[in-house]
Amino acid sequence: MLKETAAGLDSAGRLREAEARKATGNGHFTKTYFDAAMQSYLSAIWLLKIGGPPYPEVLARQVPAFGEAAFELLGDGGIAAEKSKQLQLRLQQEQAASRFASWQAAAAAAVLAAVASVAAAVTTFTLMASITLTATVALSARAMLCIRAKRFLPEPDALMSEAAAALRNTLHLNVAACALKREDWYLARMACQSVLAREPKQPKALYRLAQAYEGEGEIRSAIRAVTTLLKDEACKEDRAAHRLLAELKLQDAERVQMFSRLSGKGNFCAPAKGTAMPAPIMEKEDELTSRIRSLLEHEAVEEQKNAQMEKMALGEAEPDSAVQAKRTSEAKAEVQIEQEGECEPEVCITEGFEIAD
76 MLKETAAGLD SAGRLREAEA RKATGNGHFT KTYFDAAMQS YLSAIWLLKI
126 GGPPYPEVLA RQVPAFGEAA FELLGDGGIA AEKSKQLQLR LQQEQAASRF
176 ASWQAAAAAA VLAAVASVAA AVTTFTLMAS ITLTATVALS ARAMLCIRAK
226 RFLPEPDALM SEAAAALRNT LHLNVAACAL KREDWYLARM ACQSVLAREP
276 KQPKALYRLA QAYEGEGEIR SAIRAVTTLL KDEACKEDRA AHRLLAELKL
326 QDAERVQMFS RLSGKGNFCA PAKGTAMPAP IMEKEDELTS RIRSLLEHEA
376 VEEQKNAQME KMALGEAEPD SAVQAKRTSE AKAEVQIEQE GECEPEVCIT
426 EGFEIAD
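76 is the number of the first residue of the sequence shown in this note's numbering; add one for each residue after it.
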């Protein structure tokens with residue numbers, strides 16, 4: 076629909092249509108319909124492009140463009156627009172010069188014809204008076220031609236007017252605001268930079284540029300943008316800008332502290348001088364691990380007991396005191412196992428392995 080509408084419009088008509096689409100986009104933005112608002116703003120920007128670039132198919136989609144695809148729709152036409160502007164200006168100059176030369180030739184022919192007719196009809200005195208009068212008329216006619224030559228210049232292109240430039244800047248600022256709501260940080264940043272290329276101190280562009288940098292995680296760049304904004308006398312006391320700057324500085328300080336800790340420069344990885352290293356913290360043993368450890372200890376005791384019995388059978392038994400001490404330690408181990416598990420070790424192991432990880 077936009078493609079067909081633009082085809083039948085001249086530059087003034089495209090300017091009016093862009094104004095209407097901006098108003099429509101503002102209505103959508105107020106109702107928080109940010110996708111619809113973005114589509115209206117991008118369409119209006121395309122209508123204002125100088126040189127009449129081809130219709131971008133991305134505008135025909137239901138969902139507005141995002142990121143780099145939307146960025147290609149920004150601007151006033153770029154290099155193509157500049158070449159078109161130069162060509163149009165040269166064409167206007169050539170047309171004006173050609174029409175002025177035609178008027179000048181016609182006036183000279185009329186003067187010569189008048190002089191010839193007067194010279195044949197009157198006396199010498201009358202002839203001299205007529206020549207003087209004719210020369211005066213010719214000079215007056217030439218002056219009038221110089222004044223009226225401006226009439227032959229074509230109408231200036233409405234898309235190159237100051238009104239179009241102001242509307243274009245407003246639309247780019249609106250695109251930035253809408254992109255921030257959609258968290259399209261790249262498009263918001265590029266839209267603000269497009270405005271700042273024409274107005275380096277535009278307050279809204281600087282403020283929204285800082286927000287876009289913040290969204291991208293470029294905190295230092297965001298701080299620079301807000302600082303530039305606050306240098307302007309008109310924005311020195313702006314509360315929103317001061318609040319944003321305070322938040323950005325807080326985020327920057329937190330990042331510096333975090334990175335200093337990670338790099339061991341914030342007394343996070345090493346104790347202060349003269350302070351002993353803290354004792355390692357032992358992890359608490361869970362029930363399953365405790366039972367397994369008890370079972371392994373029990374098996375080790377059993378192996379020692381069996382080995383002792385084999386030695387006794389072969390006549391190589393240890394002295395009675397050593398055997399008694401070993402039996403006492405085995406009894407203590409069995410009591411500990413009964414207190415911890417209150418079941419046979421084999422049963423505890425089976426139950427433990429059936430528990431899902």
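Where is the CB? At the ideal position from N, CA and C, for every residue including glycine.
Pro139 counts as buried, since at least 16 other C-beta atoms from the protein chains shown sit within 10 angstroms of its C-beta.
Distances from the CA of Met76 to each of Ala238, Val376, Leu337, Gln137 were compared; the closest alpha carbon is that of Gln137. The Cβ atoms of Ala280 and Leu248 lie closer than 8 Å to each other. Around the beta-carbon of Glu374, fewer than 16 other beta-carbon atoms lie within 10 Å, marking it exposed.
Inclusion of Lys97 and Ala111 in the CB contact set at 8 Å is not warranted, their separation being larger than that value.
For Phe141, no alpha helix (DSSP H) segment is defined, and its DSSP state is neither H nor E.
In this structure, the straight-line span from the alpha carbon of Lys276 to that of Asp307 is close to 8 Å. Counted as a single uninterrupted DSSP element, the alpha helix (DSSP H) harbouring Ala112 occupies residues 109 to 122. Within the same chain, no residue comes within 7 Å of Gly83 by CB-CB distance, once the 5 residues on both sides are set aside. Counting along the chain, the unbroken alpha helix (DSSP H) around Ser296 starts and ends at 294 to 305.
Taking 4 residues as the shortest admissible run, the segment 230 to 289 contains the following complete alpha helix (DSSP H) segments, listed from N- to C-terminal end: 237 to 256, 260 to 271. Following the DSSP letters along the chain, one finds Leu84 in no alpha helix (DSSP H), marked with neither H nor E.
In the three-state reduction of the DSSP assignment, Lys97 falls in the helix class, which pools H, G and I. Inter-residue distance for Thr99 and Ala181 is about 54 Å (C-alpha atoms, whole angstroms). In this structure, Pro128 sits near Gly152, with a CB-CB distance shorter than 8 Å. Leaving aside the five residues that flank Ser86 on each side, the residues in its chain whose CB is nearer than 6 Å to its CB run, in chain order, Asp232, Ala233, Leu234. Here DSSP, grouped into helix, strand and coil, assigns Ile125 to coil.
Less than 8 Å separates the beta-carbon of Ala263 from that of Ala287.
Around the Cβ of Asn381, a 10 Å sphere holds fewer than 16 other Cβ atoms; the residue is exposed. Between the alpha carbons of Ala144 and Ala321 lies a gap of roughly 34 Å.
The C-alpha of Arg283 lies about 59 Å from the C-alpha of Thr364.
Taking C-beta atoms as the reference points, Glu92 and Leu122 count as a pair closer than 8 Å.
Sequence-distant Cβ neighbours of Ala185 in its own chain, meaning closer than 6 Å and more than five residues away, do not exist here.
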